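Top line first, the protein sequences correspond to chains A and B. 262 is the number that my numbering gives the last residue of the first sequence; the numbers go up by one with no jumps. 626 is the number that my numbering gives the last residue of the second sequence; the numbers go up by one with no jumps. For glycine and all other residues, C-beta sits at the position ideal for the given N, C-alpha and C. Predicted model only: the values in this text are computed from it and were never measured. Structure first, commentary second.
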Amino acid sequence: MDRVVAWIARLVFVFLYVPIVAVIVYSFNASRSTSTWGGVSLQWYGELFRDGALLQTLRTSLIVGISAAFLATLIGFLAALGLSRYRLRGHRFVLGAVLLPLIVPEIVLGAALLSVFSFADIRLSIFTMVLGHLVITLPLATLILMGALSSLDPTLPEAAADLGASPWQTFTRVLFPLTRSALLAAFLLSFTTSFSNIVISTFTGGVGSTTLPLRVYSLLKTGVTPEINALGALLILLTIGIVSAVGLRQMRRILAGSTPTP
Amino acid sequence: MTPSAPAAVAAPAVRLAGITKRFGDTTAVHPVTLEIGQNEFFSILGPSGCGKTTLMRMITGFETPTDGSIELAGSSVDGVPTRKRDLNMLFQSYALFPHLTVFENVAFELRVRKAPKRELRSRVEAALNLVRLGHLADRKPDQLSGGQRQRVALARAVVSRPAVVLLDEPLGALDQQLRKEMQIELKRMQREVGITFIYVTHDQEEALTMSDRIAVMSQGRLLQVGSPQDIYDRPASTFVAAFIGSCNVIPAVNTGAPGTVTVAGVGPVPAVGGDAALSGAEVWVAVRPERVAASAVRTPGAAQGTLLEAVYIGDRWRYVVRLGEATVTASVDSAEVSPELAALAPGAPVWLSWRPEHARVLTE
Numbered sequence: 001m002d003r004v005v006a007w008i009a010r011l012v013f014v015f016l017y018v019p020i021v022a023v024i025v026y027s028f029n030a031s032r033s034t035s036t037w038g039g040v041s042l043q044w045y046g047e048l049f050r051d052g053a054l055l056q057t058l059r060t061s062l063i064v065g066i067s068a069a070f071l072a073t074l075i076g077f078l079a080a081l082g083l084s085r086y087r088l089r090g091h092r093f094v095l096g097a098v099l100l101p102l103i104v105p106e107i108v109l110g111a112a113l114l115s116v117f118s119f120a121d122i123r124l125s126i127f128t129m130v131l132g133h134l135v136i137t138l139p140l141a142t143l144i145l146m147g148a149l150s151s152l153d154p155t156l157p158e159a160a161a162d163l164g165a166s167p168w169q170t171f172t173r174v175l176f177p178l179t180r181s182a183l184l185a186a187f188l189l190s191f192t193t194s195f196s197n198i199v200i201s202t203f204t205g206g207v208g209s210t211t212l213p214l215r216v217y218s219l220l221k222t223g224v225t226p227e228i229n230a231l232g233a234l235l236i237l238l239t240i241g242i243v244s245a246v247g248l249r250q251m252r253r254i255l256a257g258s259t260p261t262p
Numbered sequence: 263m264t265p266s267a268p269a270a271v272a273a274p275a276v277r278l279a280g281i282t283k284r285f286g287d288t289t290a291v292h293p294v295t296l297e298i299g300q301n302e303f304f305s306i307l308g309p310s311g312c313g314k315t316t317l318m319r320m321i322t323g324f325e326t327p328t329d330g331s332i333e334l335a336g337s338s339v340d341g342v343p344t345r346k347r348d349l350n351m352l353f354q355s356y357a358l359f360p361h362l363t364v365f366e367n368v369a370f371e372l373r374v375r376k377a378p379k380r381e382l383r384s385r386v387e388a389a390l391n392l393v394r395l396g397h398l399a400d401r402k403p404d405q406l407s408g409g410q411r412q413r414v415a416l417a418r419a420v421v422s423r424p425a426v427v428l429l430d431e432p433l434g435a436l437d438q439q440l441r442k443e444m445q446i447e448l449k450r451m452q453r454e455v456g457i458t459f460i461y462v463t464h465d466q467e468e469a470l471t472m473s474d475r476i477a478v479m480s481q482g483r484l485l486q487v488g489s490p491q492d493i494y495d496r497p498a499s500t501f502v503a504a505f506i507g508s509c510n511v512i513p514a515v516n517t518g519a520p521g522t523v524t525v526a527g528v529g530p531v532p533a534v535g536g537d538a539a540l541s542g543a544e545v546w547v548a549v550r551p552e553r554v555a556a557s558a559v560r561t562p563g564a565a566q567g568t569l570l571e572a573v574y575i576g577d578r579w580r581y582v583v584r585l586g587e588a589t590v591t592a593s594v595d596s597a598e599v600s601p602e603l604a605a606l607a608p609g610a611p612v613w614l615s616w617r618p619e620h621a622r623v624l625t626e
């Protein structure tokens, strides 16, 4: 029985990693077709860096992702601070309202956003897309930061104020150092959520704001070109880079939602 | 009469004028008017939920009074944020910054207030030496014991020499032995640094041991302010009498005769302060057990009661006596217990007496 479980576990692992390995392997395939192996080559990486249109969509995705993640982390931090520190009337309602987009289907959110924008006569652009992504990243960021803040001693900000710290000094000297890893986690999770999003982007993006996932998705109609594999391999490399930079220990702590004691 | 009441030369460290706090329909603090002198060790004593913490938080600026005005050292701080008030607080949870070393915790205020770098190190070291923790400057708070954390918090509160330090039940989390030590330590430090301490506690023994003056609060009201002796020997109400130490509170009627009140089933008993009450009014007589003398033989002027219980507790005997409709406890020094008294069994008659000045007539 144990052997069976062990084998299932191995298969799950293989299943999880086959696509990742496949992307990396095919990014070096000299043949244009994925069905044949034409030897090792770096030509797709070369083509990737010459493909201005694709690089432009990558740039758009980065701009949108970083903006949305930054805003989500900032607003999420303030929301979490308010929700964890003050027991206001309507506390539960506000919390529910912040977290609701987590369970509303994206397609509904996307359509709703589109009708709001067209009703308010706001032209679709990178700006509207950032707003759209903010709707889905803010709940994530708020949730992570609330976990971190609620495990802090609530008297710490009071102690800082008592010792003469302004609200800004309280943030830079006390709250920020104590929630740094949660802030990083909120930023990274918001960024990846935004970076990989297709549905909201479809509804809220305008002319000239095609993101990388939208571009890749539209390429499917003509078949995936090997340079997409090269791009995928680079993104995986970047992810591994971030994970090792942040540190595995840190990642585990972030995902467990606890606060650091640096 | 109040030995430590400040001279009126300098402005009081803290002056509260009609400070009130309401939360919605409930009044947490009824108007409080109070002056706390410079270098005074002032305790606010009351059971939990009596409003003492809210009162303290209004002085620090964490809560805004619904009404009234607060002055620190003669100038109004109404509307002044906490960080600009010349006072520091010692939190019940200590609220040490977990990411900073002991040294940096203590240095926090000096850094925030941009004290000169040259001074900083010597001032932090002086504060740490005051609490005898100079050798632990490089530790993090989670590497310290509860008592040590408490000392760090105290050093952090006094390092900038504020005019006032407020202490919120600071000994609550410590064990009995450490509490006793810290009581003496706190008093010593307060004298050494010459800072006004406002000490909030529900522990009457702590308040009696350390304070120059005590304010007793209950249900949001300030009941009495006075020296420990005042509060103990001359309680102003039955609540104060019963809350501080143990006290016999005997229902009685004011007959209008000077120096006595009448206890049902007993007759007139000596007590002072009855002139404040109307003749015929229902009052209480408060008398401390150690002020009650017990005798096995009839003595002139003593009230006769029935012994319910005699308990030997080493240095004292405690006699629980039914006196009319009341139950009165007499605590007698073992050295002064006569053989006849020691031989008494429950049910035997016993005569209780006290000096008039040791019994207070209370009207509330």
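query	result
If you pair each beta-carbon of the segment 332 to 349 of chain B with each one of the segment 416 to 434 of chain B, do three or more pairs fall below 8 Å?	yes
Could you check if tyrosine 574(B) is buried or exposed, using at least 16 other CB atoms within 10 Å of its CB as the buried criterion?	exposed
Please classify glycine 473(B): does DSSP put it in a helix, a strand, or coil?	According to the sequence shown, residue 473(B) is serine rather than glycine. It is coil, neither helix nor strand.
Does histidine 397(B) have its Cβ less than 7 Å from a Cβ in chain A?	no
Give every residue of the same chain whose Cβ lies closer than 7 Å to the Cβ of lysine 283(B), excluding the five residues on either side of it in the sequence, and list them in chain order.	Ala290, Val291, Thr316, Met320, Glu325, Pro327, Thr328
How would you call methionine 1(A), buried or exposed, if buried means at least 16 neighbouring beta carbons within 10 angstroms?	exposed
Of all the CB atoms in chain B, is at least one closer than 7 Å to the CB of alanine 182(A)?	no
Do we get a CB-CB distance below 7 Å when we pair alanine 357(B) with the residues of chain D?	Among the protein chains in the structure shown, which are A and B, there is no chain D.
Please state whether the Cβ-Cβ distance between isoleucine 306(B) and valine 462(B) is less than 7 Å.	yes
If you drop the 5 nearest sequence neighbours on each side, which residues of the same chain put their C-beta closer than 7 Å to that of leucine 16(A)?	none
Use the C-beta contact count for isoleucine 298(B): other C-beta atoms within 10 angstroms, 16 or more gives buried, fewer gives exposed.	buried
Looking only at C-alpha atoms, which of Gln410(B), Pro601(B), Val590(B) sits nearest to alanine 435(B)?	Gln410(B)
If the criterion is Cβ atoms closer than 7 Å, does the pair phenylalanine 365(B) and alanine 389(B) meet it?	no
Between which two residues does the beta strand (DSSP E) holding arginine 369(B) run?	One detail in the question is off: residue 369(B) reads as alanine in this sequence, not arginine. No beta strand (DSSP E) contains alanine 369(B), which is instead part of the alpha helix (DSSP H) from 364 to 374.
Which of helix, strand or coil does DSSP assign to leucine 624(B)?	strand
Taking only three categories from DSSP, how would you classify proline 497(B)?	coil
Work out the CA separation of valine 612(B) and valine 559(B) for me, nearest whole Å.	7 Å
Could you check if phenylalanine 359(B) is buried or exposed, using at least 16 other CB atoms within 10 Å of its CB as the buried criterion?	buried
Mind checking if aspartate 2(A) is an interface residue toward chain B, Cβ cutoff 7 Å exclusive?	no
Check whether chain A comes within 7 Å of methionine 351(B), counting only Cβ atoms and requiring the distance to be less than that.	yes
Please report how far the alpha carbon of serine 150(A) lies from the alpha carbon of arginine 85(A), in whole angstroms.	8 Å
Which residues, in chain order, does the segment 152 to 163 of chain A contribute to contact with chain B at a C-beta distance below 8 Å?	Asp153, Thr155, Leu156, Glu158, Ala159, Ala160, Ala161, Asp162, Leu163
Please tell me whether serine 473(B) and phenylalanine 303(B) are closer than 7 Å, where the distance is taken between their beta carbons.	yes
Terminal residues of the continuous beta strand (DSSP E) containing phenylalanine 630(B)?	In the structure displayed, chain B extends from 263 to 626; residue 630(B) sits before or after that span and is not available.
Work out the CA separation of alanine 556(B) and alanine 607(B) for me, nearest whole Å.	14 Å
Considering only the alpha carbon of each residue, which of Trp616(B), Leu485(B), Ala519(B), Glu544(B) lies closest to isoleucine 506(B)?	Leu485(B)
I'd like the span of the beta strand (DSSP E) that includes methionine 129(A), first residue to last.	Per DSSP, methionine 129(A) belongs to no beta strand (DSSP E); it is in the alpha helix (DSSP H), 126 to 150.
For serine 525(B), list the residues DSSP reports as bridge partners.	A small fix is needed here, since residue 525(B) is valine in this sequence, not serine. Valine 525(B) pairs with Gly529(B).
Is the distance from the Cβ of asparagine 510(B) to the Cβ of valine 583(B) below 7 Å?	no
Decide if glutamate 371(B) is buried, meaning its Cβ has at least 16 other Cβ atoms within 10 Å, or exposed.	buried
Counting along the chain, where does the alpha helix (DSSP H) carrying valine 276(B) start and finish?	Valine 276(B) -> not in any alpha helix (DSSP H); beta strand (DSSP E) instead, spanning 276 to 285.
Closer than 8 Å between beta carbons: that is the criterion. Which residues of the segment 134 to 151 of chain A meet it against chain B?	none
Within the chosen definition, does the segment 57 to 71 of chain A reach the segment 193 to 206 of chain A through at least 3 CB pairs nearer than 8 Å?	yes
Who are the Cβ neighbours of valine 339(B) in its own chain at under 6 Å, not counting the five residues just before and after it?	Ile332, Arg347
For leucine 71(A), which of helix, strand or coil comes out of DSSP?	helix
Does the beta-carbon of proline 268(B) have 16 or more other beta-carbons within 10 angstroms, so that it is buried, or is it exposed?	Note that proline 268(B) has pLDDT 47, beneath the 50 cutoff, so the model's placement of it is unreliable and no number is given.
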